[in-house]
Amino acid sequence: MPSIVIVGAQWGDEGKGKVVDLLAERAQVVARFQGGNNAGHTIVHGDETYKFHLIPSGILDPQTTCVIGNGVVIDPGVLIAEIDGLRERGVDVSNLKVSANAHLIMPYHLMLDHAGEARLGKLQIGTTKRGIGPCYADKAARLGIRMQDLLDEKILKKKIMAALEPKQLQLRPFERDPALDLQSMTEQYLTYGHRLERHIADTTSLLHRALDDDRFVVFEGAQAALLDIDHGTYPFVTSSNPVAGAACTGTGVGPLDIDEVWGIAKAYATRVGAGPFPTELEDDLGEELRRRGGEFGTTTGRPRRTGWIDLVALRYAARINSMTALVITKLDVLSGFDTLRVCTAYEGADGAVFETFPYHQTVLHHVSGRYTELPGWSEDISGARSPEELPQATRDYLRFIEEAVGVPVVLVGVGPGRDQIVWLGERSPLLAESR
Ligand code: IMP
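The opening residue of the sequence shown carries number 1127 in my numbering; numbering runs sequentially from there.
Laid out in structure tokens, this is it:
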């Protein structure tokens, strides 16, 4: 039975949730391994639309166990609100298991995220201001509060005290904020602990058992390769590793437990927040793409920056993730453009050409895309369900991408509905057998 890691292949918001949701139908376990409520997944199930920030997309399937792994950072208030929201809509959440080792986002992390961005001024990263970076920083500094600490009042208070102390200076403007009171913070988090206790589990053992029993496990990545703290466009990145390797560290399984890595990419490119974006369209065409694609953040509502598909970045993402398959989403958004451009190389200010992703930040900030023009298609493809129903120009566009990236396209998204997909090649029968 396969275990598959789903990763973002661009700058996030590629539609990973939809793919995970689709696979969850056949999967026994879906596990998130990094990030926090900076992520946002929109899932359309029939007439219902669900938005998740923390809970794995598989939750809508009652037979799927959903794991929030040790590598995820959790704002417990947000998690509880998501659980309550799902319960109110009649969704069974008893199969949600949260790692006892996952770190918690605390009120001071949110304040530090806001203060840090304000201090950076024009140089700001454009974070989601959910406290993600400061929480991972505390984890690395060994000052983090973990899920399991919520179950022991004495330990919780001691750990909050130790974590708060070094922050007093940084948070001087918030000194009198009641949210920073040690006693009330401890009490609030103990209440969270009572609410979440039934979900807290040894998720590493749970995953080992599932893999040993040959279950189909899906590892759900958040954010994307180019936002990776080590391999992305640092410092304009998130504070975790959204690449496939982190599925291991973020859940406790080994590299050989992973059979496949699927990279999800939009048929064009978007980015939220600051940082280099070589194929960005800052003109009417970019605005048109934003409008057609509904490119506004699920988490922050910010308009996303838009551009042509970037095959230099995609090749790089394929390599750092050991991608075995590509999924191209939102292909329907490109219907109606006479000509489509695909970026196959970068050109520096001095005319230097880059066919591989430049490692140097300054270089990357100054490159622009070199494009191949491909014919567009005018047909509405949102009703297509098989490759034959796609216009030739659409198939040629997909073939160009897979040849340039060197990874087969197995699945295409042609609309927001969960049935609006086209399987290419052999993959669909393999997954159909999996339950
Ligand atoms: P942070 O993860 O909130 O610290 O934000 C760091 C950078 O990652 C910012 O540019 C965010 O816009 C970006 N980012 C974080 N999460 C997502 C996501 O789920 N989709 C797209 N961009 C994201």
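Even for Gly, the Cβ is constructed at its ideal location relative to N, Cα and C.
Judged by DSSP in its simplified three-state form, histidine 1357 adopts coil rather than helix or strand.
Here the C-alpha atom of proline 1542 lies approximately 8 Å from the C-alpha atom of lysine 1456.
In this structure, leucine 1537 lies away from isoleucine 1527, with their beta-carbon atoms at least 8 Å apart.
Not a single heavy atom of the ligand IMP lies less than 7 Å from the C-beta of isoleucine 1231.
Short note on threonine 1312: C-beta not closer than 7 Å to any heavy atom of the ligand IMP. DSSP, read as helix, strand or coil, puts valine 1146 in helix. Within the same chain, and ignoring the five residues on either side of alanine 1289 in sequence, the residues whose Cβ sits closer than 8 Å to its Cβ are Met1232, Tyr1234, Asp1264, Leu1269, Gly1270, Ile1271. Distances from the alpha-carbon of isoleucine 1130 to those of Val1146, Lys1284, Phe1422, Ala1478 put Val1146 closest.
Unbroken beta strand (DSSP E) stretches of 3 residues or longer found wholly inside the region 1356–1395: 1386–1392, given in chain order. Secondary-structure assignment with DSSP links serine 1494 through a beta bridge to Glu1473. Between the region 1151–1164 and the region 1372–1387, the count of Cβ pairs shorter than 8 Å is three or higher; the stretches touch. Distance from the Cα of aspartate 1410 is smallest, within the candidate group Lys1177, Pro1404, Arg1418, for Arg1418.
For the pair alanine 1351 and glycine 1462, the Cα-to-Cα distance works out to about 29 Å. For phenylalanine 1463, the three-state secondary structure derived from DSSP is coil. Judged by beta-carbon spacing, alanine 1348 lies within the 8 Å limit of glycine 1161, meaning their Cβ atoms are closer than that value. In the DSSP assignment, glutamate 1346 falls within the beta strand (DSSP E) that extends over 1343–1346. In this structure, the alpha-carbon of arginine 1511 lies about 14 Å from that of glutamate 1505. In this model, threonine 1253 and phenylalanine 1362 are separated by some 9 Å (Cα to Cα).
Nearest to histidine 1492 by C-alpha distance, out of Gly1195, Leu1222, Pro1292, Thr1359, is Thr1359.
DSSP, reduced to helix, strand and coil, places glutamate 1421 outside both helices and strands of the structure shown, so it counts as coil. Under the DSSP assignment, tyrosine 1315 falls in the alpha helix (DSSP H) whose first and last residues are 1308–1322. The alpha carbon of valine 1198 has as its nearest neighbour, out of Gly1141, His1229, Arg1324, Ile1132, the alpha carbon of His1229. Per DSSP, the continuous alpha helix (DSSP H) segment holding threonine 1330 begins and ends at 1329–1338. Shown here, valine 1204 sits in a helix according to DSSP, grouped into three states.
Burial check for lysine 1248: the Cβ neighbour count within 10 Å stays below 16, so the residue is exposed.
Membership of phenylalanine 1526 in the alpha helix (DSSP H) is indicated by the continuous run 1518–1531. Residue environment: glycine 1166 is assigned as buried (16 or more neighbouring CB atoms within 10 Å of its CB, all protein chains considered). In this structure isoleucine 1185 does not touch glycine 1143 by the C-beta definition: roughly 11 Å separates them, more than the 8 Å allowed. Residue burial is scored here from C-beta neighbours: aspartate 1239 has at least 16 other C-beta atoms within 10 angstroms and is therefore classed as buried. Distances from the alpha-carbon of valine 1217 to those of Gln1189, Leu1236, Asn1227, Leu1550 put Gln1189 closest.
DSSP, read as helix, strand or coil, puts tyrosine 1176 in strand.
A heavy atom of the ligand IMP is found nearer than 7 Å to the CB of tryptophan 1137.
A direct Cα-Cα distance of roughly 13 Å separates arginine 1397 from threonine 1424. For leucine 1238, the uninterrupted alpha helix (DSSP H) segment begins and ends at 1233–1246. The way I'd put it, the region 1308–1326 does touch the region 1272–1292; three or more beta-carbon pairs between them come closer than 8 Å. DSSP, read as helix, strand or coil, puts threonine 1488 in helix.
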